[in-house]
Amino acid sequence: KAGVTQTPRYLIKTRGQQVTLSCSPISGHRSVSWYQQTPGQGLQFLFEYFSETQRNKGNFPGRFSGRQFSNSRSEMNVSTLELGDSALYLCASSLGLRGVANEQFFGPGTRLTVL
Amino acid sequence: AQKVTQAQTEISVVEKEDVTLDCVYETRDTTYYLFWYKQPPSGELVFLIRRNSFDEQNEISGRYSWNFQKSTSSFNFTITASQVVDSAVYFCALSEAWSGNTGKLIFGQGTTLQVKP
Chain G
106 KAGVTQTPRY
116 LIKTRGQQVT
126 LSCSPISGHR
136 SVSWYQQTPG
146 QGLQFLFEYF
156 SETQRNKGNF
166 PGRFSGRQFS
176 NSRSEMNVST
186 LELGDSALYL
196 CASSLGLRGV
206 ANEQFFGPGT
216 RLTVL
Chain A
2 AQKVTQAQTE
12 ISVVEKEDVT
22 LDCVYETRDT
32 TYYLFWYKQP
42 PSGELVFLIR
52 RNSFDEQNEI
62 SGRYSWNFQK
72 STSSFNFTIT
82 ASQVVDSAVY
92 FCALSEAWSG
102 NTGKLIFGQG
112 TTLQVKP
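Residue numbers (our numbering), protein chains in the order written: chain G, 106 to 220; chain A, 2 to 118.
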């Protein structure tokens, strides 16, 4: 079974631009969660999508948004980039069964650098 | 509030030594899940184990073992006879079981383990 894939793997943007990151989950997984990893803040939850609906959201500004398609693939978008948005963005997929915290399987991440 | 604390920032051992990584969690929920992940230098988080709050049995998988104690809110991870390939950052994480929150992992700050030959 193919693992979680993320594209692109590396991105360099400048302040004020916007960026879209993509995540393809493991086949059969309906939940996709996104995380931001920085040296200072560690791993922080951004949001989770399940069956094309946002099911949970972390404490990030509205510049961070996402969506999920009918094939469970997900994208996250960051608008008006700031230097502090430089991070490794990880997505994870899971079965997403209600009432159960299923194992989340992570992709390799997208390394975003904002100049 | 949910919180995970990994007090050990960095640990350095010599190959074949045993090493224990500590994890202490806080939650007000009675039903929750605990996880350990490994992040090698390549960056991808690798799932190691999941436990739910009703299963306090210790688990052993090869050289890895986990000790879950609800009384002390701890979920510690031991590597026996460490190897250089065990060098990585290890994360402990917590998730609540209510349906709106199961996709959210709260991570500790991670413990960097260096195993020297």
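Glycine included, each C-beta is placed from N, C-alpha and C at the ideal position.
No experiment lies behind these values; they were computed from the predicted model shown.
Quiz prompt | Residues near V124/G by beta carbon distance below 8 Å, same chain, minus five either side | solution = By one-based count along the first sequence, residue 124/G stands at place 19. For V124/G, where only same-chain residues beyond five positions count, the Cβ hits under 8 Å are L116, K118, N182, V183, L186, L217.
Practice problem: Could you name the residues of chain G that G44/A contacts, counting a contact when the two beta carbons are closer than 7 Å? | Solution: Here residue 44/A refers to the residue found at position 43 when the second sequence is read from its first residue. Chain G residues near G44/A: L193, P213, G214.
Exercise. Measure how close the beta-carbons of L84/G and Y194/G come, nearest whole angstrom, since I'm counting them as under 8 Å.
Key: The requested residue 84/G does not occur in the structure, where chain G is confined to residues 106 to 220.
Practice problem: Please specify which runs of the beta strand (DSSP E), each continuous and at least 3 residues long, are wholly inside the region 182-207 of chain G, giving them in chain order. | Solution: 192-199
Exercise. Examine chain A for any beta-carbon lying closer than 8 Å to the beta-carbon of V58/G, and answer yes or no.
Key: Examination of residue 58/G is not possible in this model, given that chain G is present from 106 through 220 alone.
Quiz item: Ordered along the chain, which non-local residues of its own chain (more than five positions away) have a Cβ less than 6 Å from that of R52/A?
Solution: For this step, residue 52/A is matched to residue 51 along the second sequence. Taken in chain order, the residues that qualify are L35, F69.
Quiz item: If you compare alpha carbons, which of Y140/G, S132/G, A107/G, T110/G is closest to S191/G?
Solution: Here residue 191/G is taken as the residue at index 86 of the first sequence, counted from 1. Measuring from the Cα of S191/G, the nearest candidate turns out to be Y140/G.
Quiz item: Does the count of Cβ pairs from the region 107-116 of chain G and the region 5-18 of chain A closer than 8 Å reach three?
Solution: no
Quiz item: Between the Cα of T10/A and the Cα atoms of G109/A, V116/A, P118/A, which residue gives the shortest distance?
Solution: Looking up residue 10/A in the second sequence gives position 9. Closest by alpha carbon: G109/A.
Quiz prompt | S179/G - partner residues in DSSP beta bridges | solution = Against the first sequence, residue 179/G aligns to sequence position 74. Per DSSP, C128/G, Q173/G.
Exercise. Please name the residue in S54/A, Y91/A, P42/A whose C-alpha comes closest to that of Y65/A.
Key: Here residue 65/A is taken as the residue at index 64 of the second sequence, counted from 1. Ranking S54/A, Y91/A, P42/A by Cα distance to Y65/A puts Y91/A first.
Practice problem: Within its chain, find whatever has a CB closer than 7 Å to the CB of S13/A; leave out the 5 residues flanking it on each side and keep chain order. | Solution: Here residue 13/A corresponds to residue number 12 of the second sequence, with the count starting at 1. These residues qualify, in order along the chain: Q115, K117.
Self-check item: Beta carbon proximity, N161/G to chain A, threshold 8 Å
Solution: Numbered from its first residue, the first sequence carries residue 161/G at position 56. Yes - at least one Cβ of chain A is within 8 Å of the one on N161/G.
Exercise. Check whether the Cβ of F165/G lies closer than 8 Å to any Cβ atom in chain A.
Key: Taking the first residue of the first sequence as 1, we reach residue 165/G at position 60. It does not: the Cβ of F165/G has no partner Cβ on chain A nearer than 8 Å.
Practice problem: Find the residues of chain G that neighbour T9/A, judging by a C-beta separation of less than 9 Å, and give them in chain order. | Solution: Here the question's residue 9/A lines up with position 8 in the second sequence. One point to set straight first is that residue 9/A is Gln, not Thr, in the sequence displayed. By Cβ distance, chain G contributes nothing, its closest Cβ being about 14 Å from Q9/A, past 9 Å.
Quiz item: On the three-state DSSP scale, how would you describe V109/G?
Solution: Here residue 109/G refers to the residue found at position 4 of the first sequence. If DSSP states are grouped into helix, strand and coil, V109/G belongs with coil.
Exercise. Enumerate in chain order the residues of its own chain whose CB-to-CB distance from T110/G is below 7 Å, with the five nearest sequence positions on each side excluded.
Key: In the first sequence, residue 110/G corresponds to position 5, counting from 1. Once the five neighbours on either side are set aside, the close Cβ partners of T110/G are S129, G212.
Exercise. Put S72/A into one of helix, strand or coil per three-state DSSP.
Key: Residue 72/A sits at position 71 when you count from the first residue of the second sequence. Reduced to three states, the DSSP call for S72/A is helix.
Quiz item: Between the Cα of T103/A and the Cα atoms of F152/G, I131/G, P144/G, which residue gives the shortest distance?
Solution: Position 102 of the second sequence, counting from 1, holds the residue named residue 103/A. With distances taken between Cα atoms, T103/A lies closest to F152/G.
Exercise. Measure the CB-CB distance between A98/A and D30/A and report whether it falls below 8 Å.
Key: Translated into positions along the second sequence, residue 98/A becomes position 97. Translated into positions along the second sequence, residue 30/A becomes position 29. Yes, Cβ-Cβ distance for A98/A and D30/A is below 8 Å.
Self-check item: Residues near L106/A in its chain [Cβ-Cβ closer than 6 Å; skip 5 each side]
Solution: Counting from 1 along the second sequence, the entry for residue 106/A is found at position 105. For L106/A, where only same-chain residues beyond five positions count, the Cβ hits under 6 Å are A94, S96.
Quiz prompt | Member of I50/A, P42/A, A89/A whose CA lies at the smallest distance from the CA of A206/G | solution = Looking up residue 206/G in the first sequence gives position 101. Of the candidates I50/A, P42/A, A89/A, the one whose C-alpha sits nearest the C-alpha of A206/G is I50/A.
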